[in-house]
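Engineer: Here you go, one structure.
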Amino acid sequence: MTTEHWLGLVTGMFFGLLLQQGRVLRFEKQINAMLLRDMTIFKFMLSAVLVGMIGITLLVQMGQISYNHKALNLGGLLLGGTIFGVGWAIAGFCPGTAVGAIAEGRWHALFAILGMLLGAAIFAEIYPTLQSTVLAWKDLGKVGLPELMGISPWPVVAVFALVSLGAFYLFEKLGV
Amino acid sequence: MRPRSTLDFRRPRGKGQPDRFVHRILWAHLGREEGMPEKNVPWWRPYAAGALLGVVAIASAWATTRWLGKTNYLGASTTFVRAAGLLEKTVAPDHVAQNAYFTKEKVRVEWQFMLIVGILIGALVGAVLDRSFRLEAVPPVWRERFGPSPTKRAIAALLGGAVMMIGARMADGCTSGNGLSGLMQLSASGFLVLPVFFGVALVTAMLVYGRRTAP
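So the sequences go chain by chain: A and B. Note that our numbering gives residue 171 to position 171 of the first sequence, counting from 1, and the numbers run on in steps of one. Heads up, our numbering is the position in the second sequence plus 176, with the first residue counted as 1.
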């Protein structure tokens, strides 16, 4: 175990504990979010993003850390995102929560994990084909939304904060 | 009312019946109300847990930059590629070595792989401490729609998982890497793909689980 491994393990333990405490590891929480009956997943994700966004933006501006954007590859994101959405609704877990669900005893998630390993192996085989088709369509590079709009990150953070807080108010008012 | 599984050792078997051994040993000292319903989770819990995860993400970005020389953000799906590669390597090492995608993502146990191992441990600690651990083969929402067959559920989970992972790798990230980490960094890709994830999942879920047909 190197420093890299220890850092990953300890961070993951906090990640797993918080996923579990936020009650987002459950099949019913994920499906009921998609059916708009229970907003727990949205509350959890938006809170994490809001806090993380402020800290990450600050640390990048202080020169302490750097961004590691994923490419704005339109073909991959749109088609991949669609395929992901279908699989997610059927599996009832996303990749990280499937692992955590096992720890809560929801062992049917084990089959989702086996499926994901199978899917990863299939993807590795079709990758060359995708590279010359879907992924070659339109790649706008590794870019942040503020850069793309030519503005400072803070207005984007502010709008995101307002929208999130508005959503939180609505969720609690509606009791979902 | 879901039938109580014989494997369900979270709660005592009811008045007049002896508590399960595991239950007595593990939970008795916590002094909690037995069989505390899940409804008692306070309303602010998902917000608090989420906000703390935001703090963990910030700390992790800082720590990985400080000690590993490269800023790592939370993610999950690449680990499944590495795990699949490690498994395939045991039967066909040459095939894995020649595969462009495995070469690109590097088949080895690295930071994110250990992050996933950590998720398992952390979630287990939480589930044991708050007594929410429960062996479940078929979730209630699934049962309402498709009945109690664990085989049916297993096949769907397997197929769903496979489809989901193909999509995640095509989009270069899942709900963690593209969703949480993408939005935290204000990545254009995250803002584009997260609504697609949720939008398509919503439509699919409405079609799949929207009607209730099972008795």
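Beta carbons: idealized from backbone N, C-alpha and C, even for Gly.
Can you tell me whether ASP38/A is buried or exposed, with buried defined as 16 or more other CB within 10 angstroms of its CB?
Structural biologist: By the 10 Å Cβ count, ASP38/A comes out buried.
Engineer: Specify the secondary structure class of GLY207/B as computed by DSSP and reduced to three states.
Structural biologist: Any answer about GLY207/B is weak, because its pLDDT of 35 lies below 50 and its placement is not dependable; what the coordinates show is given next. Here GLY207/B sits in coil by DSSP.
Engineer: So what does DSSP say about PHE73/A, is it helix, strand or coil?
Structural biologist: Rather than Phe, the amino acid found at residue 73/A in this sequence is Asn. Three-state result, ASN73/A: strand.
Engineer: Going by Cα to Cα distance, which pick from ALA109/A, GLU125/A and LEU135/A is closest to GLU28/A?
Structural biologist: Ranking ALA109/A, GLU125/A and LEU135/A by Cα distance to GLU28/A puts ALA109/A first.
Engineer: Can you give, in chain order, each stretch of the alpha helix (DSSP H) that sits fully within the stretch 81-131 of chain A and has at least 4 residues?
Structural biologist: Segments of the alpha helix (DSSP H) lying fully in the stretch 81-131 of chain A: 95-103.
Engineer: Return the chain-ordered list of same chain residues with a C-beta closer than 8 Å to the C-beta of ALA233/B, the five sequence neighbours on each side being excluded.
Structural biologist: Only TYR249, LEU250, LEU356, SER357 and MET360 meet the Cβ criterion.
Engineer: Can you list the residues of chain B that TYR127/A reaches, using a CB-CB cut of under 7 Å?
Structural biologist: Residues of chain B passing the Cβ test: ALA276 and TYR277.
Engineer: Give the single residue among THR254/B, LYS282/B and SER253/B whose Cα lies nearest to the Cα of LYS265/B.
Structural biologist: Ranking THR254/B, LYS282/B and SER253/B by Cα distance to LYS265/B puts LYS282/B first.
Engineer: For a cutoff of 7 Å on Cβ pairs, would you count LEU206/B as touching chain A?
Structural biologist: The pLDDT assigned to LEU206/B is 39, lower than 50, so where the model puts this residue is not dependable; a value taken from the coordinates is nonetheless given after this. False, the Cβ-Cβ gap to chain A never drops below 7 Å.
Engineer: For LYS282/B, name the three-state secondary structure that DSSP assigns.
Structural biologist: In the structure shown, LYS282/B sits in coil (DSSP, three-state: anything other than H, G, I, E or B).
Engineer: Is it buried or exposed for GLN20/A, if we count other Cβ within 10 angstroms and need 16 for buried?
Structural biologist: The residue is buried, with at least 16 neighbouring Cβ atoms inside 10 Å.
Engineer: Between which two residues does the alpha helix (DSSP H) harbouring LYS265/B extend?
Structural biologist: 253-267 is the span of the alpha helix (DSSP H), which, as asked, contains LYS265/B.
Engineer: Check this for me: beta carbons of ALA344/B and PRO128/A, under 7 Å apart or not?
Structural biologist: No, the pair does not count as a contact, with Cβ atoms beyond the cut-off.
Engineer: Let me check understanding here. Comparing Cα to Cα, which of PHE160/A, PHE171/A, PHE84/A and VAL86/A lies closest to LEU362/B?
Structural biologist: Nearest of PHE160/A, PHE171/A, PHE84/A and VAL86/A to LEU362/B, Cα basis: PHE160/A.
Engineer: Taking Cβ-Cβ distances shorter than 8 Å, what residues in chain B pair up with SER66/A?
Structural biologist: Ordered by position in chain B, the residues that pass the 8 Å Cβ test against SER66/A are THR241 and THR247.
Engineer: At least one CB of chain B closer than 7 Å to the CB of GLN21/A: is that the case?
Structural biologist: Closer than 7 Å to some Cβ of chain B, the Cβ of GLN21/A qualifies, so yes.
Engineer: In angstroms with no decimal places, state the Cα-to-Cα distance between ILE297/B and GLY96/A.
Structural biologist: C-alpha separation (whole angstroms): 13 Å.
Engineer: Kindly indicate if chain B contains any beta-carbon less than 7 Å away from that of PRO153/A.
Structural biologist: For PRO153/A, the answer is yes, since a Cβ of chain B falls inside 7 Å of its Cβ.
Engineer: Using a Cβ-based criterion (distance less than 6 Å to any ligand heavy atom), does LEU130/A qualify as near the ligand HEM?
Structural biologist: With respect to small molecules bound, the structure shown includes none, and the ligand HEM cannot be examined in it.
Engineer: Whole angstroms are fine: how far does the CA of ALA124/A sit from the CA of THR255/B?
Structural biologist: About 13 Å.
Engineer: Residues of chain A with CB closer than 7 Å to the CB of SER365/B, please, in chain order.
Structural biologist: The answer, in chain order, is HIS69, LYS70, ALA71, LEU72 and LEU77.
Engineer: How is LYS142/A classed by DSSP in three states: helix, strand or coil?
Structural biologist: Strand.
Engineer: Kindly indicate which three-state DSSP category SER236/B falls into: helix, strand or coil?
Structural biologist: Helix, per DSSP.
Engineer: Please list, in chain order, the chain A residues whose beta carbon lies closer than 8 Å to that of GLY375/B.
Structural biologist: Those within 8 Å of GLY375/B in chain A are GLY85.
Engineer: Is it the case that the Cβ atoms of ALA330/B and ALA121/A are separated by a distance below 7 Å?
Structural biologist: Cβ distance not < 7 Å, so ALA330/B and ALA121/A don't count as in contact.
Engineer: Going by C-alpha to C-alpha distance, which of MET382/B, GLY375/B and TYR385/B sits closest to GLY81/A?
Structural biologist: That would be GLY375/B, whose Cα lies nearest to the Cα of GLY81/A.
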